[in-house]
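Since the structure comes first, as structure tokens, the remarks are kept for the end.
Numbering (this note's numbering), first residue to last: 65 to 460.
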């Protein structure tokens with residue numbers, strides 16, 4: 065679970081801390097961590113109530129029928145493609161860092177896209193999923209190297225307990241934190257793989273404690289020593305040599321995690337297209353060609369997204385607002401309301417939980433609406449300045 069969820073989101077947290085201030089930043093990280101722990105628990109309860117559920121689309125069908133399943137399927141695939149775009153963008157940032165902007169940024173993004181596409185050609189998820197542990201160790205090692213180096217170098221050891229950001233900047237910083245807790249799409253399948261699904265809460269608690277601790281330490285330490293001008297991704301905040309070393313190590317996450325995400329998304333499309341036909345199990349030119357075409361189209365769209373939204377935080381914020389708001393908060397609130405229909409006022413405890421889950425749905429709508437506004441405004445401002453879409457300029 066940790067290997068699947070801890071990825072690029074952690075790299076934006078120090079810049080969020082710089083925008084929000086040390087105290088509000090810590091409160092929001094812990095607060096969102098607590099809320100997503102609860103929503104993750106609701107996912108587990110929904111799975112126990114409806115054992116046939118294996119993903120968010122299955123759960124959505126129970127909520128609203130076939131049309132709700134199809135909408136959720138499309139949303140899942142779009143979320144995967146945007147995440148793939150974030151990995152393509154990060155690959156171009158990495159290459160610009162390693163080569164001192166050796167060539168056009170678009171060329172680097174094309175190279176990253178082709179590399180990821182080739183690695184996604186295998187239809188067997190077992191051949192790539194075990195690399196998730198390598199991916200997780202890769203980003204953890206890169207972050208640790210960056211923290212130690214920045215702690216020694218102390219480029220700007222100024223910190224502010226409280227800042228006064230604009231509504232747009234404050235909301236954008238909060239979206240980065242929301243994205244860091246966006247692993248809920250994989251929770252149903254993870255619980256299905258457990259020998260005893262009732263052990264899921266233990267795994268969930270271990271996961272949430274681990275990632276919240278990692279997020280807090282990373283955000284606090286890097287902000288404490290890199291100062292209010294900390295960059296995003298955070299690996300850029302260290303010295304030039306250390307940044308190159310950290311990015312070189314993080315290539316495992318940048319490439320492998322993107323490949324796994326594409327594989328899961330392509331599987332959703334493939335199963336949706338060929339469910340109930342011999343194409344699901346046969347090994348033929350037609351079935352393999354269909355897989356290659358699906359992954360190719362997904363990576364092309366991801367490349368377009370990476371170049372259309374060339375700012376790391378803007379792209380992550382778009383994903384958090386449009387998709388993670390629903391997959392981490394809104395749907396879970398609806399799951400609980402579905403399971404407890406007719407019991408909302410049966411006891412004080414139920415009344416409190418009813419209020420909490422209605423709040424989660426309202427929070428989801430707020431994050432989605434305000435988040436899309438803040439992200440759209442930020443993209444427009446950046447496009448008017450140095451970060452233009454489809455530009456050869458250095459994005460590191």
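Note that the Cβ used here is the ideal one computed from N, Cα and C, for glycine as well. Remember, it's a predicted structure, so these values are computed and weren't measured experimentally.
DSSP places residue 268 in the uninterrupted alpha helix (DSSP H) bounded by 264 to 290. Look at the stretch 143 to 219 and you find these whole runs of alpha helix (DSSP H), each 4 residues long or longer: 169 to 183, 190 to 193 and 196 to 217. Around the beta carbon of residue 235, 16 or more other beta carbons sit within 10 angstroms, so the residue counts as buried. For residue 248 and residue 167, the gap between their C-alpha atoms comes out near 38 Å. In the structure shown, residue 458 adopts coil according to DSSP, grouped into three states. Sequence-distant Cβ neighbours of residue 268 in its own chain, meaning closer than 6 Å and more than five residues away, are 104. Cβ neighbours of residue 451 within its own chain (closer than 6 Å, five residues either side excluded): 374 and 375. Around residue 183, the same chain offers 323 as residues with beta carbons nearer than 6 Å, after the five sequence neighbours per side are excluded. Here residue 325 really is in contact with residue 147; their C-beta atoms are around 5 Å apart, less than 8 Å. The C-alpha of residue 281 is placed about 35 Å away from the C-alpha of residue 401.
In the three-state scheme derived from DSSP, where H, G and I count as helix and E and B as strand, residue 78 is classed as helix. By the Cβ rule, the stretch 285 to 297 counts as touching the stretch 213 to 231, because three or more pairs are nearer than 8 Å. Taking C-beta separations shorter than 6 Å and ignoring five residues to either side along the sequence, the partners of residue 229 in its chain run 83, following chain order. Excluding sequence positions up to five before and after residue 367, its CB lies within less than 8 Å of the CB of 149, 152, 173, 174 and 177, all in the same chain and listed in chain order. The criterion of a C-beta distance shorter than 8 Å is not satisfied by residue 205 and residue 309. In the structure shown, residue 122 falls within a helical segment according to DSSP collapsed to helix, strand and coil. If you draw a straight line from the Cα of residue 127 to the Cα of residue 398, it is about 8 Å long.
For residue 300 and residue 460, the gap between their C-alpha atoms comes out near 7 Å.
Linking residue 213 to residue 285 through their CA atoms gives a straight-line distance of about 11 Å.
Taking each of 424, 371, 327 and 407 in turn and checking the Cα distance to residue 186, the smallest one comes out for 327. C-alpha of residue 457 to C-alpha of residue 140: approximately 32 Å in a straight line. In this structure, residue 259 keeps its C-beta atom at 8 Å or more from the C-beta atom of residue 79. For the pair residue 93 and residue 276, the CB atoms are nearer than the 8 Å cut-off.
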